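Presented below is the structure to which this report refers.
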């Protein structure tokens, strides 16, 4: 097999996992992304099969939570009209391969290759966000009514585990280029986000199972078909948080108001959405922005961190100032 330039241990897990799928010795494996997990493209000329292998990082999800993710994305594909990738089973009929490598429990999942390309954020138009809004509404409608299987377990993106005392991606205070001055500005925004979320609450009409990473990189567009991929962060959060994730890394773009209006049009073409929920969108954009400041501080290896760099924290300060000045109603 071809060797990766990134993590030899992840490569070992990937090679061992592929032994479970009845592939030929001609199979090849190439890492295509290293972010939260390691993702590989597998091709096997001997059997004519191909797939996307996701090797989960250590201590992020256990097997039960991965199985739960696969339960929801499969149900969405069958029941909600949302196009999601098919999970490829091992020769033993398993969806998840679990291994012990160097004293750690490691897990891997093989998905079908989904056609399409990521939307181009430079050429992104309102039609793309209108489509995304409609897809998001179908996912939320399904989440509200879906009877989750016994043992279903996903983590929460509530305040405590986002920016609170147990931040899942680390503290925003430890982000790239965050010093005393930056801390004061971002801290004021974080305090207002916390206040607004507490007032908004976590009732069943506003808090539930969400994708939690519906950004451009996790959509593949193939003509009129939009495929939703990478449910690795799916869990329990505010439904409107999904809009914050939709504009990840591009929250400072002046087209944000147009994108938001288009997203709302698409959403409301499927589900009703009251003004109360719309008024919280700026807060969820700010919440996501602070989460990403924290994430980049702990994920310097990621493609996104290398592409965006320290300028992301600097531009976050302008957003934070506008958010606070508006009383939490706007970041533009």
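Residue numbers (UniProt numbering): 1 to 332. All residues carry an ideal CB built from backbone N, CA and C; glycine is no exception. Just so you know, these numbers come straight off a predicted model, no measurement behind them.
To the nearest angstrom, how far is the alpha carbon of residue i from that of residue j?
i	j	result
residue 186	residue 88	43 Å
residue 161	residue 220	29 Å
residue 106	residue 74	22 Å
residue 294	residue 24	42 Å
residue 248	residue 274	24 Å
residue 336	residue 182	Residue 336 lies beyond the range of the chain shown here (1 to 332); nothing can be said about it.
residue 256	residue 180	29 Å
residue 100	residue 277	45 Å
residue 315	residue 284	17 Å
residue 329	residue 205	20 Å
residue 332	residue 319	7 Å
residue 268	residue 279	15 Å
residue 6	residue 166	Caution applies to residue 6, whose pLDDT of 40 falls short of 50 and renders its modelled position unreliable; the model cannot decide the point.
residue 22	residue 48	12 Å
residue 15	residue 152	29 Å
residue 2	residue 98	Bear in mind that the predicted position of residue 2 carries a pLDDT of just 34, short of 50, making it unreliable; the figure below should be weighed with that in mind. If you take the alpha carbons of residue 2 and residue 98, they lie about 22 Å apart.
residue 26	residue 324	58 Å
residue 28	residue 11	12 Å
residue 343	residue 116	For residue 343 there is no data in the structure shown, the boundaries of the chain being 1 and 332.
residue 18	residue 130	39 Å
residue 252	residue 137	24 Å
residue 263	residue 184	32 Å
If I measure Cβ to Cβ from residue i and keep anything under 8 Å in the same chain, skipping five residues before and after, which residues do I get?
i	result
residue 326	282
residue 235	154, 155, 156, 157, 209, 210 and 212
residue 190	163, 172 and 290
residue 96	63, 66, 67, 70, 107, 108 and 109
residue 149	68 and 71
residue 287	162, 163, 193, 197, 241 and 244
residue 119	128, 216, 219 and 221
residue 9	101 and 102
residue 199	none
residue 178	172, 186, 293, 297 and 313
residue 261	126
residue 91	20, 21 and 22
residue 94	20
Could you pull out every residue in the same chain whose Cβ sits closer than 7 Å to the Cβ of residue i, ignoring the five residues on either side in sequence?
i	result
residue 258	126
residue 37	54, 55, 56, 57 and 232
residue 175	293, 294, 296, 297 and 313
residue 134	266, 267, 269 and 270
residue 169	291, 294, 295 and 298
Less than 6 Å between C-beta atoms, sequence neighbours within five positions excluded: which residues of the same chain meet that for residue i?
i	result
residue 207	238
residue 141	271
When DSSP builds the beta bridges, which residues end up paired with residue i?
i	result
residue 110	53 and 88
residue 380	Only positions 1 to 332 of the chain appear in the structure, and residue 380 is not among them; the question remains open.
residue 298	Paired residue(s): none; residue 298 is not in a bridge.
residue 104	101
residue 290	Looking at the DSSP assignment, residue 290 forms no beta bridge with any residue, so it has no partner.
residue 235	210
residue 331	Per DSSP, none; premise fails for residue 331.
residue 117	221
To test your reading of the DSSP string, which unbroken beta strand (DSSP E) runs of 3 or more residues are found completely within the stretch 29-92? 38-44 and 49-55
Is it the case that the stretch 75-88 contacts the stretch 223-233, given that we only count it when at least three CB pairs across the two stretches are under 8 Å? yes
Would you say the stretch 37-44 touches the stretch 236-243, given that touching needs at least three Cβ pairs under 8 Å? no
Every unbroken alpha helix (DSSP H) inside the stretch 126-193 [4 residues or more]: 126-145 and 159-162
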